[in-house]
Amino acid sequence: MGVTMRGAWDEFVRRSGLPIRDEAALIADAIAPEMARYGELIQSPGGAPIGLMVRGDGEGFTDRAERLMRAWEMPEGAIAAYRALAEWLDHTNGFLKLEWHPTRDVDGYGRLIAYYFRRRPPVGEVVDYLGGQGVAPEILARVVEFADLLEKRSIHFVAAAMRPGRELRHKLYFSQYLTPERAGAVETRLDEAMARFGVGSASRDLLAYHHRKLAPPERTSTLFASVSFTVAAMVPGLKLDYPEVAPETAAALLPETERSGAEAEMRGLCAVVGLDRLSYLGVTLHPDRPPGLKYYADVMGTEETR
Numbered sequence: 000m001g002v003t004m005r006g007a008w009d010e011f012v013r014r015s016g017l018p019i020r021d022e023a024a025l026i027a028d029a030i031a032p033e034m035a036r037y038g039e040l041i042q043s044p045g046g047a048p049i050g051l052m053v054r055g056d057g058e059g060f061t062d063r064a065e066r067l068m069r070a071w072e073m074p075e076g077a078i079a080a081y082r083a084l085a086e087w088l089d090h091t092n093g094f095l096k097l098e099w100h101p102t103r104d105v106d107g108y109g110r111l112i113a114y115y116f117r118r119r120p121p122v123g124e125v126v127d128y129l130g131g132q133g134v135a136p137e138i139l140a141r142v143v144e145f146a147d148l149l150e151k152r153s154i155h156f157v158a159a160a161m162r163p164g165r166e167l168r169h170k171l172y173f174s175q176y177l178t179p180e181r182a183g184a185v186e187t188r189l190d191e192a193m194a195r196f197g198v199g200s201a202s203r204d205l206l207a208y209h210h211r212k213l214a215p216p217e218r219t220s221t222l223f224a225s226v227s228f229t230v231a232a233m234v235p236g237l238k239l240d241y242p243e244v245a246p247e248t249a250a251a252l253l254p255e256t257e258r259s260g261a262e263a264e265m266r267g268l269c270a271v272v273g274l275d276r277l278s279y280l281g282v283t284l285h286p287d288r289p290p291g292l293k294y295y296a297d298v299m300g301t302e303e304t305r
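Start counting the sequence shown at 0; every next residue gets the next number (numbering that gives the first Met the number 0).
What follows is the structure, encoded as structure tokens:
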């Protein structure tokens, strides 16, 4: 019998050492039907945060996601925003991500929930919708600018992330289809987007050096570029999600002293789900500090996630 998401999740939590095994089991029970069809494990350098993501459809899935948000004491406004978006997008092709983050709280960790809808709506429709939800016009103009830079008329994922006591952070993901013929044009677009959206020069140089290792130009694949914002402010920088990245290639983005440990972490994560490389590597690019990495690993044999 092959790897199951539930078995992989239980082992992943055990290996993490975080004191969340009981809570993690209850979460898995709440989303068991979705875990049986698709699952993704999530980790960052240093072993945390850790998390999981599932895909679901229908109002029943929305209801269960909302119950988890309330159990984790997410802000009422953020929960209402999730419900409104789910209804606008017909409760279809929804993804739910749950993460545990180290903090100085009594428990030693905090919680984050993010949601994503893969519906590919036109940019103009999403801008109109978010404007109706209170997002400032100047922020929406920047969204349109980002889409234009990437030559996209639709948004692959409409998403947001919430944490207790914090403002909802909207996230929009745009796909970039990579082929040998398109690779150069994609690089040019991404370089311009990084420059225009506040990525520091050191990070731009780092990505310029590593991009073709992360996304070999001879390979056909899809990467994602995303921006984040609240109702009143852009989050400086952007995020790139690269598919099918080998651990040693991902670790090369880190300072030399951190590479061997991170590579071992990634290999351990991949081993839990029976892979030899990450399903996706998330690279968050900032104005004034080194990139942040996040590792994603799908359970072998499950449906494609993005």
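The beta-carbon is built from N, C-alpha and C at its ideal position, and this holds for glycine as well.
Note that the structure is a prediction, hence the values are computed from the model and not measured.
Inter-stretch contact at 8 Å, needing at least 3 Cβ pairs: the stretch 146 to 159 / the stretch 122 to 129: yes
Test item: CB-CB of L298 and T91 under 9 Å: Working through the sequence shown from its first residue, we reach residue 298 at position 299. Working through the sequence shown from its first residue, we reach residue 91 at position 92. According to the sequence provided, residue 298 is Val. The question's Leu does not apply to it. No.
Identity of the residues DSSP links to Q175 by a beta bridge: In the sequence shown, residue 175 corresponds to position 176, counting from 1. In DSSP, Q175 forms a bridge with L222.
Three-state secondary structure assigned by DSSP to M52: Start at 1 with the first residue of the sequence shown, and residue 52 comes out as number 53. Here M52 sits in strand by DSSP.
Inter-residue spacing [alpha-carbon to alpha-carbon] between F11 and P136: Mapped onto the sequence shown, residue 11 falls at position 12. Mapped onto the sequence shown, residue 136 falls at position 137. Approximately 43 Å, taken between the alpha carbons.
One or two residues paired with W99 in a DSSP bridge: Walking along the sequence shown from the start, residue 99 turns up at place 100. BP columns for W99 point to I49 and R110.
Beta-carbon proximity of Y108 to L17, cut-off 9 Å: Counted from its first residue, the sequence shown places residue 108 at position 109. Counted from its first residue, the sequence shown places residue 17 at position 18. Yes; because the gap between Cβ atoms is below 9 Å, this pair is in contact.
M265 beta carbon less than 9 Å from that of A251: Counted from its first residue, the sequence shown places residue 251 at position 252. Counted from its first residue, the sequence shown places residue 265 at position 266. Going by C-beta atoms, A251 is not nearer than 9 Å to M265.
DSSP beta-bridge partners of I41: For the purposes of this step, residue 41 is taken as the residue at position 42 of the sequence shown. Bridge partners of I41: G50 and Y295.
Which of helix, strand or coil DSSP assigns to M233: Residue 233 sits at position 234 when you count from the first residue of the sequence shown. Here M233 sits in strand by DSSP.
Through-space distance from A192 to P235, alpha-carbon basis: Your numbering for residue 235 matches position 236 in the sequence shown. Your numbering for residue 192 matches position 193 in the sequence shown. Taking the straight line from one Cα to the other gives about 12 Å.
Inter-residue spacing [alpha-carbon to alpha-carbon] between K151 and F228: Within the sequence shown, residue 151 is the residue found at index 152, counting from 1. Within the sequence shown, residue 228 is the residue found at index 229, counting from 1. Cα to Cα, the separation comes out at about 19 Å.
C-beta atoms of P216 and G183 nearer than 9 Å: Sequence index remark: in the sequence shown, residue 216 carries index 217 (1-based). Sequence index remark: in the sequence shown, residue 183 carries index 184 (1-based). Yes, the pair counts as a contact, with Cβ atoms nearer than the cut-off.
Whole-Å CB distance - P101 paired with L205, under 8 Å assumed: Locating residue 101 in the sequence shown gives position 102, counting from the first residue. Locating residue 205 in the sequence shown gives position 206, counting from the first residue. Rounded, the Cβ-Cβ distance is 25 Å, inconsistent with contact.
contact_flag[the stretch 270 to 286, the stretch 235 to 246] where n(CB pairs < 8 Å) is 3 or more: yes
Check whether I154 and Y172 have beta carbons under 9 Å apart: Looking up residue 154 in the sequence shown gives position 155. Looking up residue 172 in the sequence shown gives position 173. Contact flag set, yes.
Identified DSSP bridge partners for A158: Counting from one through the sequence shown, the residue named residue 158 turns up at place 159. In the DSSP output, where bridge partners are listed per residue, A158 has Y115 and K170.
Of the residues G199, M161 and F196, the one placed nearest G76, counting alpha carbons only: Taking the sequence shown and counting its residues from 1, one reaches residue 76 at position 77. When only C-alpha atoms are compared, the closest one is M161.
Pairwise C-alpha distance: L213 and Y294: The residue given as residue 294 occupies position 295 in the sequence shown. The residue given as residue 213 occupies position 214 in the sequence shown. Going by the C-alpha atoms only, they are around 13 Å apart.
Alpha carbon of T301 to alpha carbon of E72, nearest angstrom: Reading the sequence shown from its first residue, position 302 is the one you call residue 301. Reading the sequence shown from its first residue, position 73 is the one you call residue 72. Reliability of the predicted coordinates at T301 is poor, the pLDDT of 47 falling under 50, and the value obtained from them is presented with this limitation in mind. In a straight line, the C-alpha of T301 is about 31 Å away from that of E72.
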